[in-house]
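Scroll down for the structure; my scribbles are underneath it.
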Amino acid sequence: MVIYLIEDDEIQAQYYQSILAGHGWEVKILLDGERAFREIHRMTPDLVILDRRLPDLDGLEVLAWIRKNHATVPVLILTNAVLESDVVTALEAGADDYVIKPPREQEFVARVKALYRRSREIHTRPELMEIGPYKIQTIEKTVYLHREKIPLSPKEYEIIELLAQNLGQVVPRDKMVSLVWGRPPDEASFRTLDTHIYRIRQKLGLTRYNLVILRSVYRHGYRLEYIGKIYQ
Numbered sequence: 001m002v003i004y005l006i007e008d009d010e011i012q013a014q015y016y017q018s019i020l021a022g023h024g025w026e027v028k029i030l031l032d033g034e035r036a037f038r039e040i041h042r043m044t045p046d047l048v049i050l051d052r053r054l055p056d057l058d059g060l061e062v063l064a065w066i067r068k069n070h071a072t073v074p075v076l077i078l079t080n081a082v083l084e085s086d087v088v089t090a091l092e093a094g095a096d097d098y099v100i101k102p103p104r105e106q107e108f109v110a111r112v113k114a115l116y117r118r119s120r121e122i123h124t125r126p127e128l129m130e131i132g133p134y135k136i137q138t139i140e141k142t143v144y145l146h147r148e149k150i151p152l153s154p155k156e157y158e159i160i161e162l163l164a165q166n167l168g169q170v171v172p173r174d175k176m177v178s179l180v181w182g183r184p185p186d187e188a189s190f191r192t193l194d195t196h197i198y199r200i201r202q203k204l205g206l207t208r209y210n211l212v213i214l215r216s217v218y219r220h221g222y223r224l225e226y227i228g229k230i231y232q
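In structure tokens form, the structure reads like this:
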């Protein structure tokens, strides 16, 4: 696995590199955002570890560029933030997971492994899923309703894809949090999930009119249902 480590503190970067290289991974250190753009454009890595604060660009700017140009590359954010709102901002901007600096070595390695594993699983999914008037393009990570592209945040897309893969089945809330955010579930993450579900319903128009509904199963989870057969 090739990892690009985007970190402006060279001493910290070398420390992280030594940890990851000890597990057999090739780690390339990039000290600023502009250098990261050039290297990622030249060769797409298997995974990116990105410092939230860089000298030339905000880490979220680099993240936005990666999501626009290399949408499927998994990104782990390194952050000093302790506020939930800062972490949520990074996740909603497209980060797949985050680690608070300085990371604990075993947790750091475990998160990198888990993130890479999830990214490989994504590649085995069908490129297109069709549910009634909806089309879900899993490579592009986009959703179309009646041929119109619906703008979704990265996490909103991951949630709807997960529900679509389990069409007609209840997906537990704790499983959704674990798979989408890569973290153990807690009350804060459940509230974040519920907010995302509300936005997904509104954006995608998941109503009887479009023959697909998203049900809440009290104290358990959510279920995406195609009800077109009822009206045929």
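Just so you know, we're using the UniProt record's numbering here: the sequence shown kicks off at 1 and counts up by one. Ideal placement from N, C-alpha and C gives every residue a C-beta, glycine not left out. Bear in mind that the values here come from a model prediction, so they are computed numbers and not experimental data.
Inset, instruction - Classify Val143 as helix, strand or coil using the three-state DSSP reduction. - result: Residue state, collapsed to three classes: strand.
Inset, instruction - Identify whether Met176 lies in helix, strand or coil by the three-state DSSP scheme. - result: Secondary structure at Met176: helix, using DSSP grouped into helix, strand and coil.
Inset, instruction - Kindly examine the ligand SAM and report whether one of its heavy atoms sits closer than 7 angstroms to the Cβ of Gly182. - result: The model depicted lacks the ligand SAM and carries no ligand whatsoever.
Legend entry - Touching by the beta-carbon criterion (3+ pairs, under 8 angstroms), the region 139 to 154 and the region 171 to 188: They do not touch, by the three-pair rule.
Legend entry - Gly221 - DSSP class collapsed to helix/strand/coil: strand
Inset, instruction - Indicate whether Arg111 and Gly182 have their beta-carbon atoms separated by less than 8 angstroms. - result: yes
Inset, instruction - Run the CB neighbour count on Asp96, radius 10 Å, all protein chains shown included, and call it buried at 16 or more, exposed below. - result: buried
Inset, instruction - State the start and end residues of the unbroken beta strand (DSSP E) segment that holds Glu127. - result: First-last for Glu127: undefined, no H or E at that position.
Inset, instruction - Measure the beta-carbon distance from Gly94 to Leu63 and round it to whole angstroms, keeping in mind my assumption that it falls under 8 angstroms. - result: About 5 angstroms separates the beta carbons of Gly94 and Leu63, which is inside the 8 angstroms limit, making them a contact pair.
Inset, instruction - Leaving out five residues on either side along the sequence, give the residues of the same chain with a beta carbon under 6 angstroms from the beta carbon of residue 305. - result: No answer is possible for residue 305: the residues shown for the chain start at 1 and end at 232.
Inset, instruction - State yes or no: is the C-beta of Leu214 within less than 8 angstroms of the C-beta of Ile197? - result: yes
Legend entry - DSSP-derived helix/strand/coil call for Lys155: Shown here, Lys155 sits in a helix according to DSSP, grouped into three states.
Inset, instruction - Mind the definition here: the region 56 to 72 touches the region 12 to 19 only if three or more C-beta pairs lie below 8 angstroms; say whether that holds. - result: no
Inset, instruction - Answer yes if the region 199 to 215 comes into contact with the region 125 to 139, meaning at least three C-beta pairs across the two stretches below 8 angstroms, and no otherwise. - result: Between the region 125 to 139 and the region 199 to 215 there are three or more inter-stretch CB-CB distances shorter than 8 angstroms, so the stretches are counted as touching.
Inset, instruction - Report the three-state DSSP secondary structure of residue 238 (helix, strand or coil). - result: One cannot answer for residue 238 here, as it falls past the ends of the chain, which runs 1 to 232.
Inset, instruction - Report, in whole angstroms, the separation of the C-beta atoms of Asp8 and Leu50, which I expect to be a contact under 8 angstroms. - result: Actually they do not touch by this definition, with Cβ atoms about 11 angstroms apart.
Legend entry - Continuous alpha helix (DSSP H) stretch holding Glu187: start and end: 187 to 204
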